[in-house]
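First residue of the sequence shown: 21, per the working numbering; consecutive thereafter.
So the structure is just underneath, and the comments pick up after that.
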Amino acid sequence: MFNHMDAYFKTLNKELKNYQRAIPCLLVDLDILDENITEAISNFRRDASLRIVVKSLPSVQLIEYILQQTNSNKLMIFHQPFLTDLASLLDNKADVLLGKPMPIKTADYFYKNLPQQHNEFNSFTQIQWLVDTEKRVEEYINLAKQLNQKLRLNIEIDVGLHRGGFASLENLRKGLLLIENNQEFVEFSGFMGYDPHVVKLPWVIRSEKKAMQLANQFYEKCKNLLQKEFSVLWNERLTFNGAGSPTLNLHKKQNSPINDIAIGSCFVKPAAFDIPSLKNYKPATFIATPVLKTFLNSTLPGLEALKSIFTKKSAFIYGGFWKANYYYPKGIKQNNLFGASTNQTMISIPKNETLKVDDFIFLRPHQSEFVFLQFGEILPIRKGKIQQPWQLLNNS
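See below:
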């Protein structure tokens, strides 16, 4: 990844050893983050809006930083506590699209437990609730009646992932008709069609080109149905959301049916996103944790007499068992005979590695949306130096 990987991590190790405390911590390198932001912007269509995926970047300051750097005001939120947490921080320019359908009880809870607002964010006009079935549309219509407030509804369509949403024009027609007949209570705000299957399907099943073509074709059919049969719902402000980090580059062409692209993970690039379509992005986030103990010979319980046989070097680290890959020093790995632990994990060390107690080892998270929340804060890094910690979103 780096031309000078040893120098990079030795600098971070020294910085962390001089920090105020030594516990497992989550690092985000702002210099690498900036490079990834530049890469994303360079692959963005001029006629499309960029929407930040909050679950992949669950930190107030991290979200604010990327919104500022990308000149965006749009968020995709997947978790009600995040929505509640951000509601008191967003301004009247923010546009929020729910990334999955919320149970109606959860939407009701959100409105009944809004924090005291100190800004101009309007949770009725600036939030697009996602609906995936006729029943869900009816539920939100009834909620709007109970709240005596008009709600905005974005319809999830199935463009090939088959994880839910309206999968046929016949069913979509019914959903749109419900909205059209209840415009005093709900406002149609657009479509959302998620397409990660395009780059993940084995080529023997369907090529990337064909999968993308089919996804775009169905999306276009949905838009055509809307324009021809439900013109009263059509306006130029509608959100036609799609993509995601893996398929961002595939929507560069002007004939893409979407005008709103949601991305998040590509900015920090956890290990699960080491895929061909994101090859120009660099890992920007790491877990760092200190070494607590080191051993010249690995001694296993009940096998003390065989200690001389186990000649490999080993160590116990603070914590472990994260959804992450051991990354640096090169060659370190979990000792599977001793087993994983969330308290102290035993790792095997290459013979030529001079890892000492209080040194830090580094891992790459598999993903950001869950792993980030296991840490109390984010430590931003700028030119090898720790900056003021960034807080994580409330998860409860």
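Beta carbons: idealized from backbone N, C-alpha and C, even for Gly.
Every value quoted in this text rests on a predicted model; they were computed, and no experiment measured them.
- Lys-272 counts as exposed, since fewer than 16 other C-beta atoms from the protein chains shown sit within 10 angstroms of its C-beta.
- Residue pairing by DSSP places Ala-344 opposite Pro-385 in a beta bridge.
- About 5 Å separates the beta carbon of Lys-120 from that of Phe-98, a gap short enough to meet the 8 Å contact definition.
- Rounded to whole angstroms, the Cβ separation of Phe-141 and Leu-110 is 4 Å, and the two are in contact under 8 Å.
- Taking each of Phe-315, Asp-49, Val-48, Asp-215 in turn and checking the Cα distance to Tyr-239, the smallest one comes out for Asp-215.
- For the pair Phe-208 and Phe-144, the CB atoms are not nearer than the 9 Å cut-off.
- CA-CA distance, Thr-362 to Phe-341, rounds to 5 Å.
- Taking a contact as a CB-CB distance under 8 Å, the pair Leu-258 and Gly-185 does not count as one, their CB atoms being some 17 Å apart.
- By the Cβ neighbour-count rule, Trp-223 is exposed, with fewer than 16 other Cβ atoms within 10 Å of its own.
- CA-CA distance, Asn-139 to Ser-276, rounds to 36 Å.
- Annotation for Ser-76: Gly-284, Ser-285, Ser-388, Glu-389 place their beta carbon closer than 6 Å to its own, counting only its chain and skipping 5 residues before and after.
- About 7 Å separates the beta carbons of Gln-81 and Gln-411, which is inside the 8 Å limit, making them a contact pair.
- Phe-287 sits away from Arg-384, with the two beta carbons spaced by 9 Å or more.
- Between the region 145 to 158 and the region 189 to 204 there are three or more inter-stretch CB-CB distances shorter than 8 Å, so the stretches are counted as touching.
- In this structure, DSSP gives Gly-339 an extended state, which the three-state scheme calls strand.
- For the pair Val-179 and Met-232, the Cα-to-Cα distance works out to about 9 Å.
- For the pair Asn-261 and Lys-332, the Cα-to-Cα distance works out to about 52 Å.
- Within its own chain, the residues whose Cβ lies closer than 6 Å to the Cβ of Gly-339, once the five positions on either side in sequence are excluded, are Pro-44, Thr-309, listed in chain order.
- DSSP places Ala-127 inside the alpha helix (DSSP H), whose first and last residues are 124 to 132.
- Between Tyr-348 and Met-25, the C-beta gap is smaller than 9 Å, which places the two residues in contact.
- Residue pairing by DSSP puts Asn-174 in a beta bridge opposite Leu-150, Gly-210.
- A Cβ-Cβ separation of about 11 Å leaves Leu-46 out of contact with Ile-401 under the 8 Å criterion.
- A distance below 9 Å separates the beta carbons of Leu-163 and Asp-128.
- Ranked by Cα distance from Ala-114, the options Ser-227, Ile-57, Ser-69, Leu-134 are led by Ser-69.
- Buried is the label assigned to Lys-289, since at least 16 other Cβ atoms lie within 10 Å of its Cβ.
- Distance from the Cα of Ala-187 is smallest, within the candidate group Ala-235, Gln-203, Pro-123, Val-206, for Ala-235.
- Between Leu-87 and Asp-54, the alpha-carbon positions lie close to 12 Å from each other.
- Per DSSP, reduced to three states, the secondary structure at Gly-185 is coil, with no helix or strand assignment.
- Of the residues Glu-228, Lys-94, Thr-126, Tyr-85, the one whose Cα lies closest to the Cα of Ser-416 is Thr-126.
- Approximately 5 Å separates the beta-carbon atoms of Leu-181 and His-217; this is inside 8 Å, confirming the contact.
- Leaving aside the five residues that flank Lys-403 on each side, the residues in its chain whose CB is nearer than 7 Å to its CB run, in chain order, Asp-51.
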